[in-house]
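Counting with the UniProt record's numbering, you get residues 1 to 107 for the letters of the sequence shown. Here a beta-carbon is modelled for each residue, glycine too, at the ideal position from N, C-alpha and C. Below: one structure, written as structure tokens.
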Amino acid sequence: MGIGNESFASQITISTVSSRPLGISIADFNNDRILDFVIVNYSTHSISVVYGYGSGRYSNPIIYFTGYDSFPVTLAIGDFNKGSYLDIAVELYVASAVPRYTIWKQQ
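Set out below in structure tokens:
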């Protein structure tokens, strides 16, 4: 986290518990003007959303499962439903099937 004087604060470690994280996106998901992030967890069939509280503090990961035998590989962030909150689209690799996409929309 940059502290404004060309240096960084101490690192923050978020455990992904052997989930083989493949990607991360950073954005303000809850419109509180503090950056949050989402992590793609390939081997646990999930994504994790972590909310920023400010001052280098973050929530515990909130885990959303993508389904059995589906492996999330990439994600995109945008206001897909024009609801004024950012949504999350995840590309899923599904063994022996055409890749599919899942979208988590905020109200």
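Buried/exposed call for residue i, threshold 16 Cβ in 10 Å
i   : result
I47 : buried
S19 : buried
Three-state class that DSSP yields for residue i in the structure shown
i   : result
R20 : coil
T66 : coil
A9  : coil
G78 : strand
D32 : coil
Y58 : strand
I14 : coil
Opposing strand residues paired with residue i [DSSP bridges]
i   : result
F37 : I26, V50
Y93 : F71
Alpha-carbon spacing of residue i relative to residue j, whole angstroms
i   : j   : result
F8  : Y53 : 18 Å
V94 : G67 : 10 Å
Y42 : D87 : 19 Å
A76 : V90 : 7 Å
I14 : L22 : 14 Å
V38 : S59 : 12 Å
F71 : F65 : 10 Å
S55 : G83 : 28 Å
Q11 : R57 : 11 Å
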